[in-house]
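Each residue of the sequence shown is one higher than the one before, counting from 15 in my numbering. Glycine included, each C-beta is placed from N, C-alpha and C at the ideal position. Written out below as structure tokens is the structure these notes cover.
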Amino acid sequence: MWAGMGDEAELEAITATGAKTIKIIKPYADNDMIYRRIEHAEKCGVLAMGMDIDHAFNGRGQYDNVLGFPMSPKTLDEIKGFIKATKLPFVIKGVLSEQDAYKCLEAGAKGIVVSHHHGILNYAVPPLLVLPKIAKVIDRYIPIFVDCGVESGIDAFKALALGATAVSVGRELMTPLSENGAEGVRVRIREMTEELAGAMARTCSKDIEAIDASIIWKK
Ligand SMILES: Cc1cc2nc3c(=O)[nH]c(=O)nc-3n(C[C@H](O)[C@H](O)[C@H](O)COP(=O)(O)O)c2cc1C
């Protein structure tokens with residue numbers, strides 16, 4: 015599971031459950047705060063961590079503010095510094111172009127999330143449209159996660175066919191979560207996984223790696 019903007023106490027509570035967690039740290043304007051969060055996430059025993067670099071600005075062109083904390087855009091050198099500050103894998107979330115992908119490789123990222131953060135910018139390119147180009151740049155060197163609009167196992171199948179290593183699901187799980195808690199999430203993830211298995215079986219895709227782009231037809 016992925017944990018975002020919550021505070022330290024929340025991350026401690028999450029990791030105490032034993033859930034394998036990837037902590038996404040906000041691009042706080044105060045880099046010392048980022049380094050403290052990196053250290054804290056390590057102490058919590060997270061699987062990996064990263065940064066949603068697309069959260070620097072709000073929709074009115076000002077620096078964003080999340081829960082009272084100002085954000086700021088990060089340079090390549092700053093990102094290199096965050097990646098070097100931990101022995102754990104560090105992923106960059108909010109990658110939406112080949113240029114972003116090249117920079118992530120240059121920075122030493124151990125994974126990327128192709129995402130527009132559920133519409134942080136109106137008319138941003140849909141992740142699946144740009145994914146094949148990004149996958150070509152990454153060339154299986156690091157894992158590629160994809161989110162934004164994965165609502166079924168078939169959506170996951172499409173993303174995997176177009177170059178994703180794995181997909182993430184956010185809003186699709188919000189209703190089952192609010193209605194039935196953890197059990198609701200478990201049921202929905204199982205349904206989606208079964209839909210994915212169905213599509214894989216009917217396309218003779220013997221495993222995730224074998225789902226290839228030739229299966230996807232565009233108008
Ligand atoms: C309630 C909620 C809170 C979110 N908080 C964060 C966050 O703190 N950090 C982050 O990187 N993304 C956050 N996101 C964005 C998701 O990680 C994801 O990129 C986005 O929702 C697109 O995936 P989806 O279409 O499956 O929802 C949040 C999404 C939702 C719905």
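Hey, how far is the Cα of residue i from the Cα of residue j?
{"i": "V201", "j": "K107", "result": "27 Å"}
{"i": "M206", "j": "D66", "result": "25 Å"}
{"i": "K157", "j": "T179", "result": "Correcting the residue type first, residue 157 is Pro in the shown sequence and not Lys. Approximately 6 Å between the Cα atoms of the pair."}
{"i": "Y77", "j": "K34", "result": "32 Å"}
{"i": "C162", "j": "L142", "result": "9 Å"}
{"i": "I148", "j": "G177", "result": "8 Å"}
{"i": "D12", "j": "K88", "result": "Outside the shown range of the chain (15 to 233) lies residue 12, about which nothing can therefore be said."}
{"i": "I126", "j": "A227", "result": "20 Å"}
{"i": "L118", "j": "V105", "result": "According to the sequence shown, residue 118 is Cys rather than Leu. Approximately 9 Å, taken between the alpha carbons."}
{"i": "V181", "j": "D46", "result": "31 Å"}
{"i": "Q113", "j": "M85", "result": "22 Å"}
{"i": "A173", "j": "G64", "result": "21 Å"}
{"i": "L81", "j": "Y42", "result": "11 Å"}
Closest by CA to residue i, which one among the options?
{"i": "V164", "options": "V151, I203, A27, A215", "result": "I203"}
{"i": "I52", "options": "D91, T29, S228, L102", "result": "L102"}
{"i": "E56", "options": "Y155, T29, A115", "result": "T29"}
{"i": "L61", "options": "Y116, I134, W16", "result": "W16"}
{"i": "A115", "options": "I134, A99, Y155", "result": "Y155"}
{"i": "N136", "options": "G167, D221, N72, K220", "result": "N72"}
Quickly, what does DSSP pair residue i with across the bridge? List them, please.
{"i": "V128", "result": "V109, V160"}
{"i": "N79", "result": "P84"}
{"i": "K98", "result": "DSSP, once it has assigned bridges, lists no residue as partnering K98."}
{"i": "I39", "result": "M65"}
{"i": "W231", "result": "Answer by DSSP bridge pairing: none, since W231 is not bridged."}
{"i": "V181", "result": "V160"}
{"i": "A17", "result": "K37"}
Examine ligand 2 and report whether any of its heavy atoms sits within less than 7 Å of the Cβ of residue i.
{"i": "G163", "result": "Questions concerning ligand 2 fall outside what the structure shown contains, since the ligands it does hold are ligand 1."}
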